[in-house]
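Protein chains in written order, with full-length UniProt numbering: chain A, 1 to 375; chain B, 1 to 419; chain C, 1 to 308; chain D, 1 to 248. Every residue, glycine too, gets a C-beta built ideally from N, C-alpha and C. Just below is one structure, and these are the notes that go with it.
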Amino acid sequence: MTRSFLTGTRGELLGVGVLALLVLLVLPLSLDVFRLNLVGKYLTYAFVAVGLVLCWGSAGILSLGQGIFFGLGGYCMAMFLKLEASNPEATKIQSTPGIPDFMDWNQLTSLPWFWEPFHSLTFSLAAVVLVPSALAFVIGVAMFKRRVGGVYFAIITQAIAAILTILIVGQQGYTGGINGITDLRTLKGWDIRTDEAKLVLYFVNAALLLGCILLCLAVRRSKLGRILVALRDKEDRVRFSGYDVANFKTFVFCLAAALAGVGGAMFTLQVGFMSPSFVGIVPSIELVIYCAVGGRLSLLGAVYGTLLVNWAKTSFSESFPELWLFAMGALFIGVVMAFPNGLAGLFQTHVVPRLDRLRGRGLPPVPGPTRMAAE
Amino acid sequence: MSSDDIRKDSHDALRRKLLLGMAALPAAAMMPRLAFAQAPATAAINTTGLAVTDSTVKVGILHSVTGTMSISETGSVEAEKLAIQQINEMGGVLGRKIEFIQEDGASDWPTFAEKSRKLLVNDKVAAVFGCWTSASRKAVLPVFEQYNGMLYYPTFYEGLEQSKNVIYTGQEATQQILAGLDWVFKEKGAKSFYLIGSDYIWPRTSNKIARKHIEKNGFKVAGEEYFPLGHTQFNSVINKIKLTKPDVIYAIVVGGSNVAFYKQLKAAGIDLKKQTLMTISVTEDEMLGIGGENIAGAYACMKYFQSLDNPNNKAFVEAFKKMWGADSVIGDVTQAAYLGPWLWKLTVEKAGSFDIDKVAAASPGIEFKGAPEGYVRIHENHHLWSKTRIGLAKADGQFDVIHETAELMEPDPFPKGYQ
Amino acid sequence: MFDGYSLSELGSIFAMQGFAGLILFSVFVLMALGLAIIFGQMGVINMAHGEFMILGAYVTFVCSHLVGEHAPWLFPGYFFIAMALAFVASGSLGMLVEWSLIRFLYRRPLDTLLATWGLSLIMQQIFRSTFGAREVGVTLPDWLMGSLSLTDTIEVPINGLFVMALTMTISAVVYAVLFRARWGRGVRAVMQNRVMAGAVGINTEKVDRYTFGLGCGIAGVAGSAFTMVGSTGPTSGQLYIVDTFLVVVFGGAQSLIGTIASAFTISQAQSTMEFFLSGSMAKVLTLLTVVGILMLRPQGLFVLKVRR
Amino acid sequence: MTNATDFLLSVEGLTVSFDGFKAVDDLSFYVDENEIRVIIGPNGAGKTTVLDLICGRTKASGGSVKFRGKELTAMREHQIVHAGVGRKFQNPSIYDDLTVFENLEISYPRGRSVWGALAFKRDAAVRERIHEIAEMIFLADHLEQRAEYLSHGQKQWLEIGMLLIQDPQLLMLDEPVAGMSVNERVKTAELLNRIIADRSVIVIEHDMKFVEDIAHKVTVLHQGKILSEGSMERVKNDPKVVEVYLGH
C-alpha cells in the first residue's frame, strides 16, 4: 500500500506549518490593518468550524446550534469587558454609576449576581471555555444517553438556539437585549480598539487557533479519534465493543462547544461587541457551511473554508449585494452535491498527486476518505 | 456649542436658509451650478484628510440591501440618493459634487461595524448616512467615535443615547409618544391602555415611557405584553384584550409580526373604527404588507406622513416618485433619511469645512426649512426639534393627518422621570 | 387576573381561548403536514419548506391582483383558485427540486438538510428580486376577514374557521391518498423497503417525486391560506421553520397521526401559556417543554416500536 | 431443575413484544460453560431478537437473563460487554474507514472511557495481542489494509477477531458463515472449535452442515417459543421440528 508524503502525521504537521506561515506571516505582511482585522474576525469563526469537523465530520453529529456556544463564549468575554468599561468614573451620569449602561436604562440598581464574578479576568477566561462546554454537557448527556441523533439532534439544537435568542433578546436588563453588549473599550486598561491592539489580538487569535488545531489533531490521532470515526460508521459495533457511546459523543460535543466559546471570546475582543445575532439559527447554519466548504473531514480545510466563504461574502456583498444569497445558496448545494469533501477533497484528488510527482515519486494517491458521514 | 454661536451666524445663515427653503422645490433643483466657480480651496476646508477633492466629496450610504432588514431600509437608501442627487443638481456642497459609496450592512451588525470602518478608514468619507435598527447603530457607534466620523441616523428610536458623532434625524421615544398619548387622553377620553410590543429594546423602552406617562396622568395600564420578533400568532393576546376591554390598544409590533397582528385583530372582530388603537410602529411602508383595509381606523403617531399637506412635501413626494417609481410609498423613516444629506450640507456650509469636529460643533441650531415635514432644527443633543403628528389609517394605505402639535417637540433622549 | 369579571364573561373568554387554541392547532397541522409527509415517508428534512409556503402566498398575491384587475366579479371566490394554483406551483417546483437535487441525497439525510437550506436562500432571493424586498399586501375577499358573533361576547373569526376546515379537508385527502388509494400503498411500500418495492414493479423514483411534490404542494396551500393570518415577504417563510420542524419531530417520523397529535399538544400548550403568561416567556416555555419531552421520548410521541 | 446460577447463562421467561406482536414469548433456556449452542429456526422465529435481548440491544418486556448470576436486563450495553458478553451482528459490522489493525485496536479492552481512550498508548502488549488475534483469524497479512477492501468472509472473521480480542466468556454469533465460500466455512468451523476452549458460544445459523460440525446442543425456535432442544441428532428427529422447519 502506498501513501503520499502528505498523509500521516508528517503531512498534517506540514499542513499546520503552511497554515501558520500563511496566517502569521503572509497575511500580516500583505494586508492592511483593516483587512487583517477582517481576517482576524473570520478566523474566530474557524474555531467553530474546526470543532464542527470533529463533531460532525469525525463523529457524525451535526449541530445546527454551534452559534449558541460561540455566543456564550463571546458573552462571557463581553461581560468582563463591559464591567471594566463601566467603572463608576465613566458611568457617573447614570442613575446608578458603576453598572453597565443598558442595566441603568432598564432600571436595574445593582449588578445582578451572575455578573459579579465577571469582575475577575481569570474567572471570565475560564467561563469562556467552561460555560459553553457545561451547556453542551447538559445537552449532550440528555440527548446522547437517550440516543437522540441525526436529524433529531440537528432540529433540537436549532430549537435551543431559538430559545436562547428569545431569552437574550427578552431579558435586556441582564443581557443588553437585541443590541447586545456594546462599546467595549479596554482589557485590563489596555485599549483594544487601537490598530496596535488589533494587530496583537490578531496574532493571539491566530496562535490560539493553531494551538486548537494541534489539540484537535492530537485528539484525532488518539484512540479516541479512531473511536469517533468508528462511531460514525457503526455505532452499534462500538457500543457492543464495550464503549459507552454517549460519553464519547458528549465529549466531542463539549470539545466543539469549548472551541466555539474561545472563538466567540476572540470575536468579542476583536470586534468590540457581542450581540444575540450570533446565537440564532441562521448564523449557526452558516457556521456549518464554512466547515462543509473546507471539507468536513479536514481540520485545516475548515480554516480555509471559513476564510474562503467569508472572503467571498465580503467581496460579493461589496460588488453585487443582491447576488450574495444566490452565491451562498449555490455554495450549499454545490458542496453537498458535487464536492462532499470540500476544499480538502479537491486538494487530495488534484493537488496531492501533483506534489508527489514533483517529488519524483510518481506514486498513485491513496484513496481519500470518500465515505460520507452516515448521519 | 451654545446658543450664542448660533446667533452669531444667524445673519449669514438666514440668507442661505432662504435659498435652501426653495431648494427642495423642483424649480430650485434645476438651478445652474453657480457654486462651482467660487469653491474654496480644498486644503482650507479639509484639514483631516477626508476624501475631498477640488470638485468632489465622498460620503457613505450604509444600509441593509440584503437580509431581513432590507425590507425596511430600502426606502432610506432611496431617499438619501434622492437628496444627494438634488444637492448635486444645486451645485453640491461647498462647490463639491457629492459622490456616494454604498455599502451593504446585510442585516448583520458586525457587518455594519466592519463596513463603517471601511468607509471611515479606507474611503475616508466625510459623512455616513445609514443604519436603521438600534443594534446596527450601537455596533457602529464606537467605530464612529474612534475614527471620528459623522453618522446621520434616520430611524425613530428608543433614545438613551447621544453622541458627538451622530445626528439623529428621526424622533426619539418621548417625542413620538407623549404627544400622541396626550391627544388620546384629551380627544378620546381614554383611561385604560393595553400595551403590546415586539420583544426588544425599542418597544420595551417606548412602552416604559408610555406607562409612566399614562400613570402620571392617573390612568391605568390594563396589560403589557411582548412577543418574540417574528411571532405570528396573536389570538391569545387578542382574547386577553377582549377580556380587559382597554380604551386604547397601544401597539409597537414590528416586522412580519405586524401583519399577523392586524390581520388577526380584524378577523377576531375588533373593529378599529370602534376600538381605539394607537401605534408608533406602522408607517406607510408597513401598511403595504398589512393591507390598508386591515388597519383602517388605527391611529399612528409620528412626525411625518406621506399625505402631509405642505409645498415642501408635495415637491418631495413628486421628486421621489419621479426617481423611484409612481408606486413608491414614503414613510416616516424615509423622510427622516432624506433630511440627512440636507442637514449635513447645511452644517458643512455653516462650518465652512468638512472637518468632522467642525461639523459636529456647527450642528446645533442648524435649521432646514425645506424639510418635507415642514421645519426642523438640530438640538444641542444632536436630535431634531420636530412636530409630532397623528395620522388616521385609511384603506388605501395612506394616513389622514388629523392632528399636529402646535409647537416643535423638544428631543429628550434621557427623559428624567420616564426611566 | 380574573378579578372583577362576571362568570359569563369568563365563560365566553375561555370559549374563545379554546377556539384560539384550535385555530393554532389547525395552523400547525397545515404547516407541518407537508413536511411530515416528506420527512416521514422519505426521511428528508426540507429546510426550504417555509419558502415553498411563501411561494404559495405569492401565487395568491398575484391572483388577487389579476382577479382584482381583470375579473372583479370573481373576487369573492378567487381564493379557491389561488389555493389550487398555489398547490400546482409549489408541487411542480417540489418535483423539479426532487428530480434535480433530492434524489441524489437519499442516503445522506443531513446533507439534504444543508442542500435544502441552500435552496431556501436562493428562493428568498428570487422572491426578493421578483416581488421586491417589502412585504406585499394580499387583498382578501371581505367575507373571509369578518367574524361571526355567536353571542354578544363570543366572536368567531371566519378565517379561523376557514383554516380549520381547510386543515380537516387536506388531512382527510392526505389520509385517503396515503392509506386508501393504490398510490399510497406504493408510497408506503417504498418507505418500508425501497429495494423490494422496486423489485415488485413499483417505480420508486416516480413515487419519490410525487411524494415530494405532494408535500411541497401542501406547503403551497398552507402558504396561500396563511395570507389570511400572516405576512407575505421574501423572508416570511423563516418565521415558521422552528415551529414546523418541532411539530414534525415531536410527532415522530413515521406517523401522520403523530404529527396531528403533536400539533395539538404544542398548540394547546402554547395558547394556554400565552394566556396566562406574557408572550415571550410563553414561547420559551413551550419550546423548552417540547425539547424536554423530546429528550425523554427521542423518537417522538407516536412511533411504531420495531426491531431495529 | 438445577439452580440457575450453575449455568453460564440462564434465560428465564424472556418476553418482548413489538406493537402487540410477541417476537419472543416466555422463553427459557440455559447455556453451560464451554458449550457451543446453536439456535435455528425459520425466518421470523425470533432468533436475532433473542441475541438482541441478551446483549441489551432490545429491552425485554419481561423475564430475566442471568449471566454468571448477574442480571443483564438491568444493565446497559457496554456494561454487558464489560461483564464478558460479546456479540457479532448478522451483517459484518466493522469500521470500513479504518485499517484491520485499527479495527482490532479499538476492540482491545483497554482505554474504554473517554479519558482512557485519550491516554491510550499503542504499546508492545497491544501490538502483540493484535498480531496474535490476526494470526488466529487468518488476517495477519492484511493488518494495514482498510477494512472496506476485505472480502465478505474476511470481514466476518475480522468481526469475530474484534470480539476475541476482548476475551469474552460468552460469544454470540449471528450467522457467522453467511456469504462464505466452502473453503472459508471450513476454516471458520475450525476457528470456532479452537476458540471455545475457554468460553461458551451461541450461534445462529441456517447452514445445517455447519451446524452439525460445531453444535453441542441445538435450540429450535418457532414463533418466539422453543420448539425443541437437545443434541443435533435428537432435534433432527423431532417430528415437530421436521414439520415446521427441516421438512420444507
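Report the residue from the options whose alpha carbon sits nearest the alpha carbon of residue i.
i: Ala48(C); options: Thr116(C), Leu148(C), Phe14(C) and Phe104(C); result: Thr116(C)
i: Ala57(C); options: Thr130(C), Ala181(C), Gly233(C) and Val29(C); result: Gly233(C)
i: Asp309(B); options: Tyr168(B), Ala371(B), Pro142(B) and Leu151(B); result: Ala371(B)
i: Gly189(A); options: Asn87(A), Leu323(A), Phe251(A) and Asp233(A); result: Asn87(A)
i: Gly269(B); options: Gly137(C), Glu155(C) and Ser92(C); result: Glu155(C)
i: Thr182(A); options: Ala230(A), Ser124(A) and Pro276(A); result: Pro276(A)
i: Glu12(D); options: Phe21(D), Cys55(D), Ser228(D) and Phe29(D); result: Phe29(D)
i: residue 377(A); options: Val219(A), Arg220(A), Val18(A) and Ala46(A); result: The question about residue 377(A) has no answer here: the residues shown for chain A are numbered 1 through 375.
i: Pro246(B); options: Tyr262(B), Leu195(B) and Gly256(B); result: Leu195(B)
Does the Cβ of residue i have 16 or more other Cβ atoms within 10 Å, making it buried, or fewer, making it exposed?
i: Pro26(B); result: For Pro26(B), the predicted structure reports a pLDDT of 43, less than 50, and the residue's modelled location is therefore unreliable. A value from the coordinates is still provided. Exposed is the call here.
i: Pro239(D); result: exposed
i: Met196(C); result: exposed
i: Trp157(D); result: buried
i: Trp324(A); result: buried
i: Asn294(B); result: buried
i: Gly417(B); result: exposed
i: Gly279(C); result: buried
i: Phe114(A); result: exposed
i: His11(B); result: The pLDDT assigned to His11(B) is 45, lower than 50, so where the model puts this residue is not dependable, and the model offers no usable value.
i: Arg234(D); result: exposed
i: Asp123(D); result: exposed
i: Pro76(C); result: exposed
i: Ala176(C); result: exposed
i: Val247(C); result: buried
i: Ala37(B); result: Bear in mind that the predicted position of Ala37(B) carries a pLDDT of just 46, short of 50, making it too unreliable to give a figure here.
Should residue i and residue j be called a contact, given that it needs their Cβ atoms to be closer than 8 Å?
i: Tyr304(A); j: Asn37(A); result: no
i: Gly237(C); j: Phe332(A); result: no
i: Tyr153(B); j: Thr174(B); result: no
i: Ser64(B); j: Glu73(B); result: yes
i: Ser76(B); j: Ala337(B); result: yes
i: Ser206(B); j: Glu158(B); result: yes
i: Met274(A); j: Gly180(A); result: yes
Between which two residues does the beta strand (DSSP E) harbouring residue i extend?
i: Leu64(A); result: Per DSSP, Leu64(A) belongs to no beta strand (DSSP E) and is neither H nor E.
i: His222(D); result: Lys217 to His222
i: Pro157(C); result: Glu155 to Pro157
i: Ala222(B); result: Lys220 to Phe227
i: Ser278(B); result: The amino acid occupying residue 278(B) in the given sequence is Met; Ser does not appear at that position. That run of the beta strand (DSSP E) goes Thr276 to Thr279.
i: Arg87(D); result: Val85 to Lys88
i: residue 420(B); result: Nothing can be reported for residue 420(B), as the shown portion of chain B is limited to 1 through 419.
Using 7 Å as the cut-off, classify the Cβ of residue i as near or not near the heavy atoms of the ligand GTP, replying yes or no.
i: Gly189(A); result: The model depicted lacks the ligand GTP and carries no ligand whatsoever.
How is the alpha helix (DSSP H) around residue i delimited, first residue to last?
i: Arg354(A); result: Val352 to Leu358
i: Arg232(A); result: Lys223 to Asp233
i: Gln192(C); result: Arg182 to Gln192
i: Ser30(A); result: Leu27 to Ser30
Any residues in the segment 46-77 of chain C with a beta carbon nearer than 9 Å to a beta carbon of chain B? Which ones, in chain order?
-> none
Can you give me, in chain order, the residues of the segment 16-27 of chain D that have a beta carbon less than 9 Å from any beta carbon in chain A?
-> none
Using a Cβ cut-off of 7 Å, which residues of the segment 47-62 of chain A contact any Cβ in chain C, in chain order?
-> Leu62
The segment 44-65 of chain D: which residues have C-beta closer than 8 Å to a C-beta of chain A, in chain order?
-> Cys55 and Arg57
Anything in the segment 225-242 of chain B with a Cβ closer than 8 Å to a Cβ of chain C? List those residues in chain order, please.
-> Glu225, Tyr226, Phe227, Pro228, Gly230, His231, Thr232, Gln233, Asn235, Ser236, Val237, Ile238, Asn239, Lys240 and Lys242
Using a Cβ-Cβ cut-off of less than 8 Å, give me the residues of the segment 269-284 of chain C that come near chain A, in sequence order.
-> Ser280, Met281, Lys283 and Val284
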